[in-house]
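With the sequence shown counted from 1, adding 16 to any position gets you my numbering.
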Amino acid sequence: MNMMFYSSFISFTLMIPLWIYSDGYHLLSGNHDNSQGINMTLIGYFLLNGTTHFAQNWFAFTTLSLSSPVTYSVASLVKRIFVIVMSIIWFGQTVSITQGLGILLTFLGLYMYQKAKQEVDKRESKLNNIELLPTTTAITNNNNKVL
C-alpha cells in the first residue's frame, strides 16, 4: 500500500503543471457556460477515475505478489488482447488478415506457454515426491527383517 501511495502521489505531483496548462486555467477561471454542471460531472469523473485506477493498481500488486512476474506479464497480455478484441467488436471494425493473424498468433503463444508451464509443474511435483535421503530409520537384524 505504501508503494501505491508514493507512486500515486509522485504521478499526481508531476501531472499538476500539465493539467493547469491544458485545462486548469479554464476550469478555475469559470469561463464556461454551465459551471456547476461541469464541476459536478467533472468531480464524478475524477472520483470514478481515481477509484478504478486504485482498484487496478491494487489488483496488479496483489497479483504480482501471489505469482511470478512472467505469469503477471501473461495476465497483462490477456487483458490487452481482451481490450483489443472488445474494441473491435464494439466499434464494428473490420479486421485485416495481418491483424487476424497477429491475434491468432497471440492466442497460440498463450496456449503454448500454458502447456509448457503445466509440464514444468508436473516435473517439479515429481521431483518433490522423490526422497533423496531416508526420512525414517528402521532397525534390522541379519536377515534384513525390520524389528
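Note that CB positions come from ideal geometry on N, CA and C, so glycine has one too.
### Task
Return yes when the Cβ of Leu126 is within less than 8 Å of the Cβ of Val90, no when it is not.
yes
### Message
Considering only the alpha carbon of each residue, which of Gly108, Ile32, Ala76 and Leu63 lies closest to Leu93?
### Response
Ala76
### Query
Should the stretch 128-136 be called in touch with the stretch 105-112, which here means at least 3 C-beta pairs below 8 Å?
no
### Task
Return the chain-ordered list of same chain residues with a C-beta closer than 8 Å to the C-beta of Ile113, the five sequence neighbours on each side being excluded.
none
#### Entry: N- and C-terminal bounds of the alpha helix (DSSP H) containing Tyr22
Asn18 to Trp35
### Query
What residues in its chain sit with their C-beta under 7 Å from that of Leu80, if we drop five residues either side in the sequence?
Tyr88
### Message
Beta-carbon within less than 8 Å of Ile119's beta-carbon, same chain only, minus the 5 sequence neighbours each way: which residues are those?
### Response
Ile97, Ile100, Val101 and Val111
### Task
For my contact list, Trp74 and Met19 are in at a C-beta cut-off of 8 Å; report their separation, rounded to the angstrom.
Between Met19 and Trp74 the Cβ distance is about 11 Å, and since that is not below 8 Å, they are no contact.
### Between the CA atoms of Ile104 and Thr122 - distance to the nearest angstrom
16 Å
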